Amino acid sequence: MAGWRSRITHALWQWRGVWLLIAILLVFRSAIADWNRVPSRSMTPSILAGDRIIVDKLAYGLRIPFTLRRLARWAEPARGDVVTFVSPLNGRLLVKRVIGLPGDWVALQDNVLSINGRTAAYRALAAAEADIEGSSPHIPQRYFRESILGASHRITLHPEGGSSSDRNLSPSAVPKEHYLLLGDNRDSSQDSRAIGFVEAKRILGRATAVAFSLDAGNCFKPRPQRFMAELD
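So our numbering is basically just the index in the sequence shown, starting at one, shifted up by 1.
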């Protein structure tokens with residue numbers, strides 16, 4: 002038994018540089034920056050299924066690695082930011098867009114957004130302008146630019162829509178230290194309409210760009226035009 006322990010200890014010491022490198026990489030990805038694969042279409046057209054996004058985890062503050070506890074906080078999520086967060090419903094890692102800030106009065110009426118009594122403006126986009134490569138040809142979709150209170154981004158709507166509850170949000174005040182987070186693909190996204198307002202401490206960082214993209218529906222063919230594409 003002592004011989005086995007000695008050999009294990011020797012092996013661990015011999016490979017100490019590798020273990021240290023792995024530990025540093027894990028801490029880096031947890032607290033500084035990360036890259037996450039997006040498997041769903043909930044953020045189409047801004048993020049496509051198969052995109053690998055870069056997440057700045059120092060955008061809003063510094064967390065203790067592997068926890069939701071913050072050591073320092075120097076910025077707050079802004080309206081329009083794309084963020085990753087831990088779902089309060091099931092603990093899954095999700096990516097959505099910040100729509101409502103703490104204290105905002107928010108509502109959705111048949112997918113028309115209003116914040117603090119202001120109604121969003123919607124401009125229809127042609128397919129080329131929406132940059133929708135990778136969208137499903139079997140699902141009819143329409144694309145718009147939604148603009149409200151200084152934030153502007155592209156969204157996807159389905160003519161048939163989702164359920165009536167998905168397309169509507171009763172007028173509500175966003176609580177202190179919480180955010181309204183919605184997917185850009187409004188009729189196909191599990192977001193604050195299903196999981197509720199999200200606590201600030203659950204937001205891990207801001208997604209800034211697409212590192213690279215593989216089309217899972219086309220034999221994982223690379224999408225070179227999306228490599229290092231900035232997120233709007």
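Note that CB positions come from ideal geometry on N, CA and C, so glycine has one too. It should be emphasised that the depicted structure is a prediction, and the values quoted were computed from it without experimental measurement.
Pair within 8 Å by beta-carbon distance, residue i and residue j
i           : j           : result
residue 1   : residue 157 : Past the boundaries of the shown model lies residue 1; the chain is included only from 2 to 233, so the question cannot be answered.
residue 59  : residue 33  : yes
residue 122 : residue 99  : no
residue 64  : residue 189 : no
residue 199 : residue 107 : no
residue 81  : residue 125 : no
residue 215 : residue 223 : yes
residue 46  : residue 155 : yes
residue 116 : residue 92  : no
Proximity test, Cβ basis, 8 Å: residue i and chain B
i           : result
residue 124 : In the structure shown, chain B cannot be found, because there is only a single protein chain.
Residue i, buried or exposed, once every other Cβ within 10 Å from all chains shown has been counted against 16
i           : result
residue 44  : buried
residue 142 : buried
residue 112 : buried
residue 228 : exposed
residue 94  : exposed
residue 170 : buried
residue 20  : exposed
residue 28  : exposed
Cβ shell of residue i (< 8 Å), same chain only, five flanking positions each side left out
i           : result
residue 177 : 103 and 104
residue 72  : 62, 63, 64 and 65
residue 196 : 88, 89 and 90
residue 221 : 51 and 215
residue 210 : 54, 55, 229, 230, 231 and 232
Unbroken alpha helix (DSSP H) run spanning residue i, endpoints
i           : result
residue 195 : 193-196
The beta strand (DSSP E) enclosing residue i, as first and last residue numbers
i           : result
residue 86  : 83-87
residue 53  : 52-57
residue 37  : 34-38
residue 146 : 143-149
residue 177 : No beta strand (DSSP E) contains residue 177, which DSSP labels as neither H nor E.
residue 209 : 204-216
residue 45  : That residue, residue 45, is in no beta strand (DSSP E); it is neither H nor E in DSSP.
residue 153 : 152-158
residue 94  : 94-101
residue 60  : No beta strand (DSSP E) holds residue 60; DSSP gives it neither H nor E.
residue 72  : 71-74
residue 115 : 113-116
residue 124 : 122-125
CB-CB length for residue i against residue j, believed under 8 Å
i           : j           : result
residue 36  : residue 48  : That pair is no contact at about 13 Å.
residue 205 : residue 192 : 16 Å between Cβ atoms; not a contact.
residue 208 : residue 180 : Between residue 180 and residue 208 the Cβ distance is about 15 Å, and since that is not below 8 Å, they are no contact.
residue 109 : residue 149 : Between residue 149 and residue 109 the Cβ distance is about 12 Å, and since that is not below 8 Å, they are no contact.
Residues of its chain near residue i, where Cβ-Cβ distance is below 7 Å and the 5 sequence neighbours each way are ignored
i           : result
residue 203 : 69, 86, 87 and 89
residue 40  : 50
Cβ-based neighbour list, residue i, same chain, cut-off 6 Å, excluding 5 preceding and 5 following
i           : result
residue 127 : none
residue 76  : 61
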